[in-house]
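Our numbering applies: residue 24 is where the sequence shown begins, and numbers increase by one. C-beta atoms are modelled at their ideal positions from N, C-alpha and C, and glycine is treated no differently. To start, the structure under review is shown below, and the notes come after it.
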Amino acid sequence: MDKMIQQGNGEVIISNDGATILSQMQVYHPTAKMLVDLSKSQDIEAGDGTTSVCVLAGALLGACEDLLLKGIHPTNISEAFGLAAVKAEEILTDISKPVELANRKELINCVNTSLSSKVISEYADQLSPIAVDAVLQVIDIATATNVDLNAVRVVQQLGGTIDDSELVDGLVFSKGFDKTASSTGSTTIENAKIALIQFCLSAPKADMESNVVINDYAAMDRILREERKYILNLCKKVKKSGAHVLLIQKSILRDATNDLSLHFLAKMGIHVITDIERNDIEHIATTLGCLPVANIEYLTPEKLGTAGLVQEETVGGHKVVKVTEIVNPGKTVSILVRGSNKLVLEEAGRSLHDALCVVRSLVKKRFLICGGGAPEIQVAQKLAAYGRTLEGTASYCLQSFADAMEVIPYTLAENAGLHPIGIVTELRAKHAQGHTSMGINVRKGAISDMYELNVLQPLLVSTSAISLATECVRMILKIDDIVMVR
24 MDKMIQQGNG EVIISNDGAT ILSQMQVYHP TAKMLVDLSK SQDIEAGDGT TSVCVLAGAL
84 LGACEDLLLK GIHPTNISEA FGLAAVKAEE ILTDISKPVE LANRKELINC VNTSLSSKVI
144 SEYADQLSPI AVDAVLQVID IATATNVDLN AVRVVQQLGG TIDDSELVDG LVFSKGFDKT
204 ASSTGSTTIE NAKIALIQFC LSAPKADMES NVVINDYAAM DRILREERKY ILNLCKKVKK
264 SGAHVLLIQK SILRDATNDL SLHFLAKMGI HVITDIERND IEHIATTLGC LPVANIEYLT
324 PEKLGTAGLV QEETVGGHKV VKVTEIVNPG KTVSILVRGS NKLVLEEAGR SLHDALCVVR
384 SLVKKRFLIC GGGAPEIQVA QKLAAYGRTL EGTASYCLQS FADAMEVIPY TLAENAGLHP
444 IGIVTELRAK HAQGHTSMGI NVRKGAISDM YELNVLQPLL VSTSAISLAT ECVRMILKID
504 DIVMVR
């Protein structure tokens, strides 16, 4: 089920992503804050499984409570849980299957599994190939051990539906050319030279608050002439560099452009896109193979980027600019996400981020396992069997850890509207018979082979969740008091 979150300022968020929900909650208890941080850590490490890691941590804490009531010392429980986590990761690795990054179909199946639980699950077939292709374009398949997701720029544009989202091999800007600059010019530029500048094309301002007193019309005329001369000189230098398109960084000190500079640039056939965010400068420079210029004196032809096509399009009633066919491009791509309203658009962006993280997890650790609660049941049974070979309190602790692992399939069955006890019992029986890939088919409400249904997930998501949840629980377990200080 999804959650609707209403913030103090009236903003509404609809999501079922664990990290998003927890980050919006106001929690005051120190232990609750640790669980919020746990979810964030899972989001950073794997990008998926943020809900599972908190559910698992809760089950492990419940197991700790039972063990403490039996008189087992917290240190013994902590050591046994550490051993169980290591053993659980070994079991998951043993049942995992290697995946080839060149096998696009398997990657898409993994992403589909992640998106199937999202608000926008009905659009998983459209978003999954986009996420997979985006990651494959920014890495070297043979040597990659990680993915820099900053190389994938996600641009959200209101209008249309999620079906209209697309992968762009180049750049996308969520606004059109400046109206004044493009009103008399073409909205399509071929073989364009593009300049990325960090200075303003407007009249300079004093560094401190000041007033200028003008006593007569002649002085006013002189000031206007000087401003016109100053701006015209700037525009001529831009024209001399050979630039056809100007990308201007947003400035908080003064306007990036004014009507006069836009008028001159329009006469010179130069198109302008303003309000480029500072955070996007590095991505744009890498994509275009150009250098950002902070001073007009250093704007030279060799610092420009070149693109075969720069085109302004109308998307959902809004203007966007696409820069494609880039000469000497960097390993970057852009994704244009569409949505019918702001809530859907924002959730689509979050879901797409999770999808990209799933592919990144497969790049970092090239193994996958089945979903549907099958791995957790397998870990529970193997851990319980291993625990029976141990002596002393460790045996009790491993059995409790194994029982806690079953909370994932139990919760999955409960959320699917099934009878959790019956389903988990049947699942145990199937795994005891050697059917290790049997999991919960939430669509049919039955036990099915997850590999046949292509319900797959990265190994890293599960191993990371177990490792992080255990680490958090062991830390909480060793705390015996809370001291409030001023």
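Under the Cβ criterion (8 Å, minimum of three pairs), the region 158–173 does not count as touching the region 325–342. For Lys259, there is no enclosing beta strand (DSSP E); the residue is found in the alpha helix (DSSP H) stretching over Tyr240 to Ser264. By DSSP's assignment, Gly33 forms no beta bridge with any residue. Comparing C-alpha distances from Met231 to each of Val465, Ile114 and Leu276 shows the shortest one belongs to Leu276.
Only exposed fits Asn234, as fewer than 16 other CB atoms lie within 10 angstroms of its CB. Sequence-distant partners of Asn135 (beyond 5 residues in either direction) whose C-beta falls short of 8 Å from its own C-beta, in its chain, are Ala147, Asp148, Ser151 and Asn477. Per the coordinates, the alpha-carbon of Gly105 lies some 41 Å from the alpha-carbon of Leu366. A Cβ-Cβ separation of about 6 Å places Phe222 in contact with Asn318 under the 8 Å criterion. In the DSSP assignment, the residues bridged to Val175 are Val356.
If you keep only unbroken alpha helix (DSSP H) runs of at least 4 residues inside the region 378–427, you get 397–410.
For Ala167, same chain residues with a beta-carbon under 7 Å away, outside a window of 5 residues either side, are Val386 in chain order. Shown here, Leu124 sits in coil according to DSSP, grouped into three states, outside any helix or strand. The beta carbons of Ala308 and Leu219 sit closer together than 7 Å.
Per the coordinates, the alpha-carbon of Arg245 lies some 14 Å from the alpha-carbon of Ile254. Taking 7 Å as the cut-off, the beta carbon of Ile153 is found no closer than this to the beta carbon of Leu124.
Between Val142 and Glu370, the CB-CB gap stays under 7 Å. Selection Ser46, Val50 and Ala55 evaluated against Asp66 yields Ser46 as nearest (Cα-Cα). The closest CA to that of Asp426, considering only Ser197, Gly81, Asn126 and Val484, is found on Gly81. In the same chain as Ala266, and ignoring 5 residues on each side of it, the C-beta atoms closer than 8 Å to its own belong to Lys216, Ile217, Ala218, Ile293, Leu322 and Leu327, in chain order. Residue environment: Thr54 is assigned as exposed (fewer than 16 neighbouring CB atoms within 10 Å of its CB, all protein chains considered). Ile95 sits in coil when the DSSP states are folded into three classes, being neither helix nor strand. A Cβ-Cβ distance of about 35 Å is found for the pair Gly183 and Val316, leaving them out of contact under the 8 Å criterion. A Cβ-Cβ distance of about 20 Å is found for the pair Gly372 and Thr310, leaving them out of contact under the 8 Å criterion.
Here the C-alpha atom of Phe287 lies approximately 16 Å from the C-alpha atom of Asp278.
Val381 and Asp71 do touch by the CB rule: their CB atoms are close to 5 Å apart, below 8 Å. The Cβ atoms of Leu421 and Val122 do not sit closer than 7 Å to each other. Setting aside the 5 residues that flank it on each side, Arg251 is surrounded in the same chain by Leu283, each with a C-beta closer than 7 Å to its C-beta; the list follows chain order. Around the beta-carbon of Ile505, fewer than 16 other beta-carbon atoms lie within 10 Å, marking it exposed. Here Ala226 carries a coil assignment [DSSP, helix/strand/coil]. By the criterion of a C-beta distance shorter than 8 Å, Val161 is surrounded in its chain by Val170, Asp171, Ala174, Val175, Lys354, Thr355 and Val356, once the five residues flanking it on both sides are discounted. Of the residues assessed, Pro432 falls on the buried side of the cut-off, its CB having 16 or more other CB atoms within 10 angstroms. Between Val447 and Lys345, the C-beta gap is not smaller than 7 Å, which leaves the two residues out of contact. Scanning its chain for C-beta atoms nearer than 8 Å, with the 5 sequence neighbours on each side dropped, one finds around Ala455 the residues Gln404, in chain order. In the DSSP assignment, Thr434 falls outside any beta strand (DSSP E) and within the unbroken alpha helix (DSSP H) covering Val430 to Asn438.
Residue pairing from DSSP places Lys345 in a beta bridge opposite Val195 and Gln334.
For Gln160, the enclosing alpha helix (DSSP H) covers residues Ala147 to Val161.
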